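*Asks:* Counting in the working numbering, the sequence shown runs from 4 upward without gaps.
Input: one structure, supplied below.
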Amino acid sequence: MSLEQVLEKVVACLQQEQIQFGIGGSLLLHHHGLPVTPRDIDLVVALADAERAVLLLSEMGTVLEQDETSLYATEVFQEFIIEGIDIDLMSGLQVRHDEGVFIYPFAEQSIDSVGPPFMALVDWYVIYQLIPGREQKVTMIEDVFTKQEVDRERLEQLRSLVLPQVVRNRIDQWLN
């Protein structure tokens, strides 16, 4: 199966079970027309639904062993292989940085309600700034921001969280 077919299958299963989730990562960037080639599926799931989502995806494929990393403090992280496609499920997403821990505020209203449930681009703009090696993706998102209206309300909400000053400063350019 292709990545798109697996995505369709996973989305249908999670939606049928009324699990709140959003699609992020490179698939989100690709959805916005950015020149990336998605190689996996990144799903962010509401914490209340995480256990059920893990169970459903484990029934659909293979659960992979997890390596511990000091960057993330995410409450639930599980990787799966379904029909040959890597799927990362995150819930209670948290990223450590020099000035504390960013706790991602999952919000159903920031998920597309029409078509596949893609997350807000501004969410991944902030998340990618906290992950080493993602500068190119941050720059691509900023290029999109120059061509379309930025969700200022959501960006202000994310800016109010525990973020490094350098990230706050970068967000400020879109709020001013």
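Think of the CB as a built atom: it goes at the ideal place given N, C-alpha and C, for glycine as much as any other residue.
These numbers were taken from a predicted model, which means no experiment stands behind them.
1) What does DSSP give as the partner residues of D89 in its beta bridges?
2) Measure the C-alpha to C-alpha separation of E78 and V147 and round it to an integer number of angstroms.
3) Just checking my contact of G27 with W127 at CB under 8 Å: how many whole Å lie between their CB atoms?
4) Using DSSP bridges, identify the partner residues of V57.
5) Keeping to the same chain, check which residues put their C-beta closer than 6 Å to that of R137; ignore five residues upstream and five downstream.
6) First and last residue of the beta strand (DSSP E) that includes R99?
7) Note down, in chain order, each residue of its chain lying with its Cβ closer than 6 Å to the Cβ of V129, except the 5 sequence neighbours on either side.
8) Given that a residue counts as buried once 16 or more other Cβ atoms are within 10 Å of its Cβ, and exposed if not, what is A56?
9) Could you check if Q21 is buried or exposed, using at least 16 other CB atoms within 10 Å of its CB as the buried criterion?
10) I need the straight-line Cα distance from V9 to A76, nearest angstrom please.
11) Report back the beta-carbon spacing between L124 and L6 to the nearest angstrom; my notes put them in contact at under 8 Å.
12) Using the rule of at least 16 other Cβ atoms within 10 Å of the residue's Cβ for burial, across every protein chain shown, is R42 buried or exposed?
13) Provide the residue span of the beta strand (DSSP E) that contains G103, from first to last.
14) Count Cβ pairs between the stretch 90–106 and the stretch 161–173 that sit closer than 8 Å; are there 3 or more?
15) Give every residue of the same chain whose Cβ lies closer than 6 Å to the Cβ of D115, excluding the five residues on either side of it in the sequence, and list them in chain order.
16) How many angstroms separate the CA atom of D91 from the CA atom of E159?
*Replies:* With the structure as the only source:
1) As a working mapping, residue 89 is identified with position 86 in the sequence shown. Bridge partners of D89: D43 and I84.
2) Within the sequence shown, residue 78 is the residue found at index 75, counting from 1. Within the sequence shown, residue 147 is the residue found at index 144, counting from 1. One C-alpha to the other measures close to 31 Å.
3) Here residue 27 refers to the residue found at position 24 when the sequence shown is read from its first residue. Here residue 127 refers to the residue found at position 124 when the sequence shown is read from its first residue. With a Cβ gap of about 5 Å, G27 and W127 count as contacting.
4) Walking along the sequence shown from the start, residue 57 turns up at place 54. Note: V57 sits in no beta bridge, so no partner.
5) What you label residue 137 is simply residue 134 of the sequence shown in a count that begins at 1. If we look at R137 and ignore the five residues flanking it on each side, its Cβ neighbours are Y131.
6) Against the sequence shown, residue 99 aligns to sequence position 96. Segment Q97 to H100, the beta strand (DSSP E) holding R99.
7) The count along the sequence shown starts at 1 and reaches residue 129 at position 126. Counting only Cβ-Cβ distances below 6 Å, and skipping sequence neighbours, we find L161.
8) In the sequence shown, counting from the first residue as 1, residue 56 sits at position 53. Under this definition A56 is a buried residue.
9) Locating residue 21 in the sequence shown gives position 18, counting from the first residue. Looking at its Cβ environment, which holds fewer than 16 other Cβ atoms inside 10 Å, Q21 is exposed.
10) Mapped onto the sequence shown, residue 9 falls at position 6. Mapped onto the sequence shown, residue 76 falls at position 73. For V9 and A76, the distance between alpha carbons rounds to 28 Å.
11) Walking along the sequence shown from the start, residue 124 turns up at place 121. Walking along the sequence shown from the start, residue 6 turns up at place 3. Going by Cβ atoms, the distance from L124 to L6 rounds to 20 Å, so no, they are not a contact pair.
12) Taking the first residue of the sequence shown as 1, we reach residue 42 at position 39. Flag for R42 reads exposed.
13) For the purposes of this step, residue 103 is identified with residue 100 of the sequence shown, where counting begins at 1. First-last of the beta strand (DSSP E) with G103: G103 to I106.
14) Taking 8 Å as the limit for Cβ pairs, the verdict is that the stretch 161–173 does touch the stretch 90–106.
15) The residue given as residue 115 occupies position 112 in the sequence shown. Excluding positions up to five away in sequence, the list reads F121.
16) For this step, residue 91 is matched to residue 88 along the sequence shown. For this step, residue 159 is matched to residue 156 along the sequence shown. Straight-line Cα distance between these residues: approximately 27 Å.
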